[in-house]
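Some notes on the structure that comes next.
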Amino acid sequence: MSTQPTSTQDDRYMIWLDIDNTLYSASTQISAAMGEPYFLSLGFPEEEASELHHKYYTQYGLALRGLVRHHHIDALDFDRKCDGSLPLEQILKPDAKLHKLLEDIDRSKARVWALTNAYQTHARRVLRILGIEDQVEGVVFCDYSNPQFACKPEPEYFHNAMQKANFQDPSKCCFVDDSKTNIVAAKQLGWGRCVHFCERGLVAVEGGKPKEIGQDTASGPDEESIAVISDLEELRAIWSDLFRTS
Ligand SMILES: [Mg+2]
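Mind the numbering: the sequence shown is residues 716 to 961 in the working numbering, read in order.
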């Protein structure tokens, strides 16, 4: 009896792209409008609203995570009133350079997924406006319909992401995110090629408070193995084996 190899094993890498403040610049200040009015609408005095917003963002990586956990907020209502009400069409526009960058990824060597703490409505809307929907195989988002949803940087989120994309090998995960906390968390789970997108020096609002980018405090045991870029074009060099050469 012959034992012909029947392996159809997919040994490609997986490129995971964070969306907000990574696929577009934090200079758009889109995140500045996220969340704060909702905290105020819950009846907190201004100072407390701002404090809680920042506290939950810092503690959980997503302010909404704290609202759901401690105030039993309906995450879908939050999404409609916050992310859903952002005038993204007036702020973002199709990005031909980004489209070309993604197009130049050799798909026989790497798959491409987006990975976000937002809900799918916001995620898909951003990808559509940027004009790169056709370059992304799938989107891992926070399932706001489940009150127990996981978000980055929780390990469960990254495990779920791999499961959803039917991807097994963490060492072949290539991940770019503007949050150093998320990058460090992924690295600690064994994600092999993590890149911190860092628009150093730019002042952006995170968790409701202005902050100079590049002052992140999160750190990990193998920080020197985390590449830092300020322009996504640099991925061509960092992941050079995954891009088409001609
Ligand atoms: Mg981000």
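We put the CB at the ideal spot given by N, CA and C, even for glycine.
Alpha carbon of residue i to alpha carbon of residue j, nearest angstrom
i, j, result
"Gly916", "Asp893", "13 Å"
"Ala952", "Glu763", "45 Å"
"Leu779", "Leu950", "31 Å"
"Trp731", "Val891", "6 Å"
"Cys909", "Cys888", "8 Å"
"Ala741", "Asp725", "35 Å"
"Pro870", "Ala901", "8 Å"
"Tyr771", "Met729", "30 Å"
"Asn832", "Asn861", "14 Å"
"Glu914", "Asp792", "31 Å"
"Lys895", "Ile928", "10 Å"
"Tyr739", "Thr723", "36 Å"
Same chain, Cβ closer than 6 Å to residue i, neighbours up to 5 away in sequence not counted
i, result
"Thr743", "Ile806"
"Phe864", "Cys857, Asp858"
"Val841", "Ile734"
Cβ-based neighbour list, residue i, same chain, cut-off 7 Å, excluding 5 preceding and 5 following
i, result
"His768", "Gly750, Glu751, Phe754, Ala778, Gly922, Gly923"
"Tyr886", "It is worth fixing the name first, because residue 886 is Ser in this sequence and not Tyr. Excluding sequence neighbours, Ser886 sits near Gly905, Gly907."
"Phe759", "Leu767"
"Tyr872", "Ala865, Cys866"
"Thr737", "Val891, Asp892, Asp893, Phe912"
Proximal residues to residue i (C-beta, below 8 Å), its chain only, five neighbours per side dropped
i, result
"Asn875", "Val855, Ala865"
"Asp956", "Lys824"
Practice problem: For the stretch 848-861 and the stretch 816-833, state whether three or more C-beta atom pairs, one from each stretch, are separated by less than 8 Å. | Solution: With three or more CB-CB distances shorter than 8 Å, the stretch 848-861 counts as touching the stretch 816-833.
Practice problem: Please list, following the chain, all residues that have a C-beta closer than 7 Å to any non-hydrogen atom of ligand 1. | Solution: For ligand 1, the residues with a Cβ under 7 Å from any of its heavy atoms are, in chain order, Asp733, Ile734, Asp735, Asn736, Thr737, Asp892, Asp893, Ser894.
Quiz item: Quick check: the stretch 843-852 against the stretch 815-826, are there 3 or more CB pairs under 8 Å?
Solution: These segments touch.
Quiz item: Does the stretch 741-759 touch the stretch 796-806, meaning 3 or more C-beta pairs lie closer than 8 Å?
Solution: Three or more Cβ pairs drawn from the stretch 796-806 and the stretch 741-759 lie within less than 8 Å of each other, which places the two stretches in contact.
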